[in-house]
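*Asks:* Got a structure for you, written out below as structure tokens; questions coming shortly.
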Ligand SMILES: [Zn+2]
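Next up, the structure:
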């Protein structure tokens, strides 16, 4: 079919531009000299402009819309591709060009304004920008002309098929079943032998262990690599070029270990996607939530398990004899799973993490239901911290100003973080029925676990939706009870 051939050609071009921009972005975030930033931004602006032209051109619109009209004549996979392309196209062309440009400028500026506000603990200086960002988003949602609650439209953008109905159910389950348990653990006040956590661990030695972890998790170095960045991330372009970073804090080694394992989870997912999707828009992980489920699975369920450290702790002691020689495996394991009410989301432990997300979800939900205004955020934030974690931030820097997301217009994104952990638990219990995870970890055979994930989840890339994957892999729809069960099983043993 001529139309389909044209679509494939244009998609190839989009992918080529996308590849170059991703590589340039990777370079900016890892090794590019600071002095080149202004010139780079100018050059990359030209390429992004070209890509935008391509994505919104009359010809592309006619091609996608033409194929959408004959959808039933196409095979199953192509149908999905066209539906996905149409969904993205419909949104982008409905926003007037001048408003789109104005919004993008606002976002660029707001990030800097937010950085300064955070540094100076000055919410007021950021308030105006945040109000404008919220207004833009509300306006864009109206342009889409989708008959749904505004927040549902945002939620669906980051996690296909998820709405307030599912998230309300999820967070209500956490509130009734998990919050009391978290409080019980926090009040238990068990003394830990954990001074070693903040000992001094030289960066070069930490690198050695991070490199060891790459082998343990059987990451394919032929098709990927690891570097260092301020904020760890994974960047995929296609299944044969997957790059991720970690960071090294010399007074907090856990940061590098668990960032590396977390990102290795994302990276393994990307590497194990069937290359046949590379030239389609169904390549890469299927959603933010499923992606996060994979990183959390490796980081928490495997990486923070006793079995894992039974095998790998001796190696760590070998690298850091002075710091760890007198620390028992049990103390180390407890240190790795230390629970604490804390202010900063990215530093939160596995048990209290979802409480931080719940706060952000409830706030976003109220904003897009027009129940609260931006100026009220600091107060509401602090009240919710007291309600769920029993602590009150001393200032907005450790409260409402801590995350970059809202300053760059990412609203509806946060809930996928908690969702990822919950998906991971549901997958974990399904996996347990088929393979002996604990034994495989003890045998240092992560390859077998990778294979299970590849066959059941990774292979399919974006050709299956999160809902389809959950149902096919676990035999059930999303069920937050597994997350609560997993946390209670693990942390009652550790703390109660
Ligand atoms: Zn992640």
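In our numbering, the protein residues as written are 37 to 532. Glycine included, every Cβ here is placed at the ideal spot set by N, Cα and C.
If we count Cβ pairs, one from each stretch, closer than 8 Å, do we get three or more for the segment 276-284 versus the segment 360-377?
*Replies:* These segments do not touch.
*Asks:* For residue 456, verify whether its CB is less than 8 Å away from any heavy atom of ligand 1.
*Replies:* As a working mapping, residue 456 is identified with position 420 in the chain shown. For ligand 1, at least one heavy atom lies less than 8 Å from the Cβ of residue 456.
*Asks:* Helix, strand or coil: which one does DSSP assign to residue 263?
*Replies:* If you number the chain shown from 1, residue 263 lands on position 227. Reduced to three states, the DSSP call for residue 263 is strand.
*Asks:* For ligand 1, any of its heavy atoms closer than 8 Å to the Cβ of residue 292?
*Replies:* The residue labelled residue 292 in the question sits at position 256 within the chain shown. Because no heavy atom of ligand 1 lies under 8 Å away, the Cβ of residue 292 does not count as near it: no.
*Asks:* Could you have a look at residue 256 and say whether DSSP puts it in helix, strand or coil?
*Replies:* Counted from its first residue, the chain shown places residue 256 at position 220. DSSP places residue 256 in coil when its eight states are reduced to three.
*Asks:* DSSP on residue 170, reduced to helix/strand/coil?
*Replies:* As a working note, residue 170 is residue 134 in the chain shown. Note: residue 170 maps to helix in three-state DSSP.
*Asks:* Given a cut-off of 9 Å, decide if residue 207 and residue 446 are closer than it, judged by their beta-carbon atoms.
*Replies:* If you number the chain shown from 1, residue 446 lands on position 410. If you number the chain shown from 1, residue 207 lands on position 171. Their beta carbons are not under 9 Å apart, which means residue 446 does not touch residue 207 by this criterion.
*Asks:* Listed by chain order, which residues have C-beta atoms less than 6 Å from any heavy atom of ligand 1?
*Replies:* 298, 302, 328, 331
*Asks:* Could you tell me how far apart the beta carbons of residue 464 and residue 269 are, in whole angstroms, since I believe they sit closer than 8 Å?
*Replies:* Start at 1 with the first residue of the chain shown, and residue 464 comes out as number 428. Start at 1 with the first residue of the chain shown, and residue 269 comes out as number 233. 24 Å between Cβ atoms; not a contact.
*Asks:* What does the Cβ neighbour count give for residue 4, buried or exposed, with the cut at 16 atoms within 10 Å?
*Replies:* Any property of residue 4 remains undetermined from this structure, which presents the chain solely from 37 to 532.
*Asks:* Please say whether residue 228 and residue 388 have beta carbons closer to each other than 9 Å?
*Replies:* What you label residue 388 is simply residue 352 of the chain shown in a count that begins at 1. What you label residue 228 is simply residue 192 of the chain shown in a count that begins at 1. In this structure, residue 388 keeps its C-beta atom at 9 Å or more from the C-beta atom of residue 228.
*Asks:* Which residue or residues does DSSP assign as beta-bridge partners of residue 280?
*Replies:* Locating residue 280 in the chain shown gives position 244, counting from the first residue. Note: residue 280 sits in a beta bridge opposite 262, 270.
*Asks:* Taking Cβ to Cβ, would you say residue 456 is nearer than 9 Å to residue 331?
*Replies:* Residue mapping note: residue 456 aligns to position 420 of the chain shown, counting from 1. Residue mapping note: residue 331 aligns to position 295 of the chain shown, counting from 1. Contact flag set, yes.
*Asks:* Grab the span of the alpha helix (DSSP H) containing residue 47 for me, first residue to last.
*Replies:* Reading the chain shown from its first residue, position 11 is the one you call residue 47. Counting along the chain, the alpha helix (DSSP H) containing residue 47 begins and ends at 38-66.
*Asks:* Since I believe residue 179 is in contact with residue 404 (beta carbons under 8 Å), could you give me their beta-carbon distance rounded to a whole number of angstroms?
*Replies:* Within the chain shown, the letter at position 368 stands for residue 404. Within the chain shown, the letter at position 143 stands for residue 179. Not a contact, Cβ separation roughly 15 Å.
*Asks:* What residue does the alpha helix (DSSP H) around residue 116 start on, and which one ends it?
*Replies:* Along the chain shown, one-based indexing puts residue 116 at 80. DSSP places residue 116 in the uninterrupted alpha helix (DSSP H) bounded by 112-130.
*Asks:* Of all the options 379, 199, 120, which has the alpha carbon lying nearest to the alpha carbon of residue 419?
*Replies:* Counted from its first residue, the chain shown places residue 419 at position 383. With distances taken between Cα atoms, residue 419 lies closest to 379.
*Asks:* Which residue wins for smallest C-alpha separation from residue 181, given the options 130, 117, 76, 139?
*Replies:* Along the chain shown, one-based indexing puts residue 181 at 145. Residue 130 is the option with its Cα nearest to residue 181.
*Asks:* Could you tell me the distance, in whole angstroms, from the CA atom of residue 191 to the CA atom of residue 449?
*Replies:* In the chain shown, residue 191 corresponds to position 155, counting from 1. In the chain shown, residue 449 corresponds to position 413, counting from 1. The straight-line gap from Cα to Cα measures roughly 7 Å.
*Asks:* Start and end of the alpha helix (DSSP H) containing residue 347?
*Replies:* Translated into the one-based positions of the chain shown, residue 347 becomes position 311. Taken as a continuous stretch (DSSP letters only), the alpha helix (DSSP H) holding residue 347 covers 342-355.
*Asks:* How would you write the range of the alpha helix (DSSP H) that residue 392 sits in, first residue to last?
*Replies:* Reading the chain shown from its first residue, position 356 is the one you call residue 392. Where residue 392 is concerned, the enclosing alpha helix (DSSP H) stretches over 389-404.
*Asks:* Where residue 96 and residue 90 are concerned, what is the direct C-alpha to C-alpha distance, given to the nearest angstrom?
*Replies:* Numbered from 1 along the chain shown, position 60 holds the residue referred to as residue 96. Numbered from 1 along the chain shown, position 54 holds the residue referred to as residue 90. Using only the alpha carbons, I get a separation of about 7 Å.
*Asks:* Just to confirm, are residue 443 and residue 165 a CB contact at a threshold of 9 Å?
*Replies:* Stepping through the chain shown from its first residue, residue 443 is reached at position 407. Stepping through the chain shown from its first residue, residue 165 is reached at position 129. Contact: yes.
*Asks:* Would you kindly work out how many angstroms separate the C-alpha atoms of residue 509 and residue 451, rounded to a whole number?
*Replies:* By 1-based counting over the chain shown, the position of residue 509 is 473. By 1-based counting over the chain shown, the position of residue 451 is 415. Each residue's Cα considered, the two are about 22 Å apart.
*Asks:* Helix, strand or coil for residue 318, going by three-state DSSP, please let me know.
*Replies:* Position 282 of the chain shown holds residue 318. Note: residue 318 maps to coil in three-state DSSP.
*Asks:* For residue 524, I'd like the list of residues in its chain whose CB is within less than 7 Å of its CB, leaving aside the five on either flank, ordered along the chain.
*Replies:* Locating residue 524 in the chain shown gives position 488, counting from the first residue. Taken in chain order, the residues that qualify are 217.
*Asks:* Give the range of the alpha helix (DSSP H) segment to which residue 492 is assigned.
*Replies:* Indexing the chain shown from 1 puts residue 492 at position 456. DSSP places residue 492 in the uninterrupted alpha helix (DSSP H) bounded by 482-492.
*Asks:* Near residue 176, what residues of its chain come up, given a Cβ to Cβ distance below 6 Å and the 5 sequence neighbours on each side ignored?
*Replies:* Stepping through the chain shown from its first residue, residue 176 is reached at position 140. Here the set comprises 131.
*Asks:* Tell me where the alpha helix (DSSP H) around residue 191 begins and ends.
*Replies:* The count along the chain shown starts at 1 and reaches residue 191 at position 155. Run containing residue 191: 186-194, per the alpha helix (DSSP H) assignment.
*Asks:* Report the rounded CA-to-CA distance for residue 101 versus residue 198, giving the unit in angstroms.
*Replies:* By one-based count along the chain shown, residue 101 stands at place 65. By one-based count along the chain shown, residue 198 stands at place 162. Approximately 25 Å, taken between the alpha carbons.
*Asks:* Which residue marks the beginning of the alpha helix (DSSP H) containing residue 146, and which one marks its end?
*Replies:* By one-based count along the chain shown, residue 146 stands at place 110. For residue 146, the enclosing alpha helix (DSSP H) covers residues 133-156.
*Asks:* Per DSSP, what kind of secondary structure is residue 165 in: helix, strand or coil?
*Replies:* Counted from its first residue, the chain shown places residue 165 at position 129. Helix at residue 165.
*Asks:* Give me, in chain order, the residues of the same chain whose beta-carbon lies closer than 8 Å to that of residue 104; leave out the 5 immediate sequence neighbours on both sides.
*Replies:* Looking up residue 104 in the chain shown gives position 68. Here the set comprises 118, 119, 122.
*Asks:* Excluding five sequence neighbours on each side, which residues of the same chain lie with their C-beta closer than 6 Å to the C-beta of residue 518?
*Replies:* Position 482 of the chain shown, counting from 1, holds the residue named residue 518. Answer for residue 518: 461, 462, 465, listed in chain order.
*Asks:* Since I believe residue 200 is in contact with residue 242 (beta carbons under 8 Å), could you give me their beta-carbon distance rounded to a whole number of angstroms?
*Replies:* On the chain shown, residue 242 is found 206 positions in, with the first residue counted as 1. On the chain shown, residue 200 is found 164 positions in, with the first residue counted as 1. About 42 Å separates the two Cβ atoms, so there is no contact after all.
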